[in-house]
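Taking it in order: structure first as structure tokens, then the write-up.
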Amino acid sequence: MTSAVTNNVKAAGLIALALAIGAMGIYVADADDAPGAAVIGLLLMIGAVVLGVKAARNRLPAWAARTALAVGVLIAAFAAFLIHAAAVTVPLFAQPQVVPSVIDSAPSPQYAAAVERARELVRAAVLEQNLPGVSVAVGAGGTIVWAEGFGWRDVETRTPVTPNTRFNIGTAASVVTAAAAAPLGLTNTGADSAAEWSPEHIGEPEENFPLFTIIRHVVFRPIGLAPAQPLPGDRATFYVPRSDDNPLRGRRLMYMRDLACCAGTMASYSTPSDLVRVGLVNDGSINGELAGGVVMSLMTLPDSGIVVAVLSNIAHANTSALGSKIGDAFARQRC
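Throughout the sequence shown, residue numbering follows the numbering used here, covering 42 to 376 in sequence.
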């Protein structure tokens, strides 16, 4: 009786692994454009189901069932790692029109054409650079004429960027100081504890044990047992490229020490609209860096009086080039 129960348990385990491996293979094929993964997953699933049925009928030796179960666990673990790697390297958006956006208020007819052109430029940049999120604001004539957020402030939860989303501005904190922000009434500019921007304390001694982190991200979260949550307070989750300085290679969460690079244990933040207000009263341009890469650009076009702020939530975003193109689009509109 005990032997039969044991065999049934082993059979159920093998069949469950078979289904998991097959599903993982299909997921990888869909996410990473690797149809071979689905074929391999299907073959492994069929093999594991056959072994499971044989074990249930007492036709499979105990040593073979144990070996198959151990190998299945290893394959399932490798497939989970492969799924995670595929998920972070696959392009975030397939086409420009699927990049979500949230606008502050409708632009005036005077700038409608420039806004449409700027939207095209932002969406193209999001795809070309594989940026999670971008927020833009433009000022002219002493006031903000356009503010809009694009993409996601948090990739896992797909929480959209809005004009009020707060981005870390890195080295630009030296310009947007508390003394400069107070007279302008900048309510979305300041500094928070870096831990507020990195709840898992990535890269710090108090970070969760790596094995626990891996299990949560590649096992529990996909099946809904530990759902991800966006950062509170409309904060943007920050990322860095997985390798080199190219966001096209995928992303990982930014280390807490990178977020706090410019103010000790604090992380300085702002929104494009607040930065434009600074630019309207103080001529000049500045790029903000985090983790060795640009995350924001504030620029003034002296000839036209246009001020543009572009912020992203991944390091090594080419925000300055995008800001220049947007500024040109608005400058031509004013001519």
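We put the beta carbon where it would ideally sit given N, CA and C, even for glycine.
Through-space distance from residue j to residue i, alpha-carbon basis
i, j, result
"Val186", "Thr206", "18 Å"
"Ala222", "Gly333", "26 Å"
"Val140", "Phe134", "6 Å"
"Ser314", "Pro204", "7 Å"
"Asp161", "Thr218", "Looking at the sequence shown, residue 161 is not Asp but Glu. Taking the straight line from one Cα to the other gives about 33 Å."
"Ala214", "Phe208", "12 Å"
"Pro212", "Gly183", "Note that residue 212 is Thr in the sequence shown, not Pro. Taking the straight line joining both Cα atoms gives about 25 Å."
"Asn328", "Pro246", "31 Å"
"Thr306", "Trp238", "11 Å"
"Gly190", "Thr108", "53 Å"
"Ile355", "Gln374", "30 Å"
"Ala358", "Gly364", "11 Å"
"Asp286", "Gly192", "20 Å"
Assigned exposure category for residue i - 16 Cβ within 10 Å defines buried
i, result
"Pro343", "exposed"
"Gln136", "exposed"
"Gln170", "buried"
"Val322", "exposed"
"Thr397", "With the chain represented from 42 up to 376, any question about residue 397 goes unanswered, as that position is not in the structure."
"Thr230", "buried"
CA nearest to the CA of residue i, picked from the options
i, options, result
"Gly244", "Ala301, Asp145 and Asp233", "Ala301"
"Ile367", "Arg318, Ser176, Thr306 and Met295", "Ser176"
"Val167", "Ser149, Arg194 and Trp238", "Arg194"
"Asp233", "Val143, Ser309, Glu330 and Pro240", "Ser309"
"Val216", "Ala154, Val202 and Asp324", "Asp324"
"Pro271", "His242, Thr198, Glu330 and Gln151", "Thr198"
"Glu330", "Cys303, Ala362, Ala236 and Tyr152", "Cys303"
"Val335", "Asp369, Pro288, Ala220 and Gly320", "Pro288"
Proximal residues to residue i (C-beta, below 6 Å), its chain only, five neighbours per side dropped
i, result
"Val179", "Val186, Trp187, Val349 and Phe371"
"Val317", "Ala178, Gly180, Ile185, Val348 and Ala350"
"Pro132", "Asn171"
"Arg164", "Pro137 and Val140"
"Leu225", "Arg318"
"Ala236", "none"
Rounded distance between the beta-carbons of residue j and residue i, thought under 8 Å
i, j, result
"Ser353", "Met340", "With a Cβ gap of about 15 Å, Ser353 and Met340 do not count as contacting."
"Arg293", "Val281", "6 Å"
"Gly174", "Val143", "Contact doesn't hold; Cβ gap of about 11 Å is too wide."
"Ile210", "Ser311", "5 Å"
Residues near residue i in its chain [Cβ-Cβ closer than 7 Å; skip 5 each side]
i, result
"Pro148", "Val156, Val186 and Trp187"
"His242", "Ala236, Glu248 and Met297"
"Thr200", "Trp193, Arg194 and Pro271"
Spatial neighbours of residue i in its chain, beta-carbon cut-off 8 Å, leaving aside the 5 residues before and after
i, result
"Asp275", "Arg194, Thr203, Asn205, Thr206 and Arg207"
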